[in-house]
Amino acid sequence: RDEIRDWSSDVCSSDLPTRTTEHPSLESLLVTKSRTKTATWVGIVLSGILALWFWNSPVLWPVKVLVVLFHELGHAIATWLTGGTVVEIGLSPQVGGHALSSGGNRFVILNAGYLGSLLWGVTLLGVARRKATSRYALGLLGLVVFLVAAWYVRPFASFGFPFGLIMGVVLMLGGRLLPVAAAQVVLRALGVFSILYALFDVRDDVFYAGSDVVSDATMLAAATGIPSVVWGVVWLVAGVAVLWFTRKWVT
24 RDEIRDWSSD VCSSDLPTRT TEHPSLESLL VTKSRTKTAT WVGIVLSGIL
74 ALWFWNSPVL WPVKVLVVLF HELGHAIATW LTGGTVVEIG LSPQVGGHAL
124 SSGGNRFVIL NAGYLGSLLW GVTLLGVARR KATSRYALGL LGLVVFLVAA
174 WYVRPFASFG FPFGLIMGVV LMLGGRLLPV AAAQVVLRAL GVFSILYALF
224 DVRDDVFYAG SDVVSDATML AAATGIPSVV WGVVWLVAGV AVLWFTRKWV
274 T
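See the structure below:
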């Protein structure tokens with residue numbers, strides 16, 4: 024007992040092993056954040072370049088039709104928010120669509136198509152930032168597409184009904200099966216494409232279309248007496264403003 028007592032008395036607290044926790048410095052956190060933001064911008068730019076390069080490729084055809092659905096959903100959401108009822112949403116394989124509604128504020132509804140596509144794109148870019156929720160966001164997007172197709176895309180025997188159901192299932196499976204990084208890439212690509220398509224759609228429907236083409240701009244011109252070209256310029260300026268004010272959020 025004396026030997027044990029003598030041995031223990033020789034042990035000092037300085038001789039015991041200590042556990043230390045190293046916290047990352049502020050400088051390292053800033054470097055990591057900067058690298059993440061740079062990688063995000065690189066991904067956005069590359070997505071835009073690839074979208075423009077393959078713009079007329081059949082590979083992007085289903086994405087274009089999906090973005091048309093985003094456009095029509097913009098009309099639908101504006102209809103609901105202004106107290107109206109959505110009668111049906113239609114899609115065509117020629118990358119066209121329509122949203123029929125009853126009631127609501129016609130002025131707001133007509134403005135919500137192009138701007139809705141833009142906001143869809145910004146939202147997708149924003150949710151793609153978070154690794155922890157990117158797969159859930161992709162799956163939720165698929166669920167929304169599926170439910171909208173099942174409930175509102177008509178007629179049943181049309182192209183749009185099965186297309187919406189299939190795309191909804193594909194996106195939900197992507198959210199379930201894809202790795203986190205791949206889900207982020209898909210969301211970011213869809214976001215960039217939706218923004219680009221909104222801008223090109225304004226250009227084609229307002230500035231390049233013939234006088235006999237019916238579009239949101241021509242209907243808005245008929246309702247307000249303001250030429251469709253003016254509305255096209257307003258939408259483009261509004262689109263650039265939205266991108267500018269949300270640039271930090273999406274990266």
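Heads up: the sequence shown runs through residues 24 to 274, numbered per our numbering. Beta carbons: idealized from backbone N, C-alpha and C, even for Gly.
**OP:** Might you give, ordered along the chain, the residues of its own chain that have their beta carbon closer than 6 Å to the beta carbon of V263, omitting 5 neighbours on each side?
**Re:** No residues qualify anywhere along the chain.
Original post:
By Cβ distance below 7 Å, which residues in the same chain neighbour S125 in space, the five residues on each side in sequence not counted?
Top reply: Once the five neighbours on either side are set aside, the close Cβ partners of S125 are G107, T108, V110.
**OP:** Can you give me the start and stop residues for the alpha helix (DSSP H) that G106 sits inside?
**Re:** Under the DSSP assignment, G106 falls outside any alpha helix (DSSP H); it carries neither an H nor an E label.
Original post:
Taking the alpha carbon of H98 as the point to measure from, which residue in K87, P116, W143, L69 has its own alpha carbon closest?
Top reply: Of K87, P116, W143, L69, the residue nearest in Cα terms is W143.
Subject >> L166 (DSSP reduced to helix, strand or coil) >> reply: Three-state result, L166: helix.
Subject >> Bridge partner(s) assigned by DSSP for I112 >> reply: Answer is A122, V176, bridged to I112.
Original post:
By how many angstroms is the C-alpha of V209 removed from the C-alpha of L163?
Top reply: In a straight line, the C-alpha of L163 is about 13 Å away from that of V209.
Subject >> Sequence ranges, alpha helix (DSSP H) only - wholly within the stretch 208-237, length at least 4 >> reply: Inside the stretch 208-237, DSSP marks no whole alpha helix (DSSP H) run of 4 or more residues.
Original post:
Can you give the beta carbon distance from V86 to F216, rounded, assuming they're within the 8 Å contact cut?
Top reply: Confirmed, about 6 Å.
Original post:
How many angstroms separate the CA atom of V275 from the CA atom of V265?
Top reply: Any question about residue 275 goes unanswered here, given that the chain covers just 24 to 274.
**OP:** Go through its chain and collect everything with a Cβ distance to W258's Cβ below 7 Å, but skip five positions before and after it.
**Re:** Its chain contains Y137, L138, V225 as the residues whose beta carbon lies nearer than 7 Å to that of W258, once the 5 sequence neighbours on both sides are disregarded; these appear in chain order.
Original post:
Is I112 buried or exposed, if buried means 16 or more other CB atoms sit within 10 Å of its CB?
Top reply: Under this definition I112 is a buried residue.
Original post:
Mapping DSSP to helix, strand and coil, what is W267?
Top reply: Helix.
Original post:
By the 10 Å Cβ neighbour count, where 16 or more other Cβ atoms means buried, how is L238 classified, buried or exposed?
Top reply: The displayed chain sequence assigns Ser, not Leu, to residue 238. Flag for S238 reads buried.
Original post:
Does DSSP put L201 in a helix, in a strand, or in coil?
Top reply: L201 falls in the coil class under three-state DSSP.
**OP:** Inspect the CB distances between the stretch 185-200 and the stretch 164-172 and report whether three or more fall short of 8 Å.
**Re:** In short, these stretches touch, since the Cβ pair count reaches three.
Original post:
Considering only the beta carbon of each residue, do S251 and A206 sit closer than 8 Å?
Top reply: Not a contact, by the Cβ cut-off of 8 Å.
Original post:
When you compare each of H94, G248, R152 to I132 by their alpha carbons, which one comes out closest?
Top reply: Comparing Cα positions, the closest option is H94.
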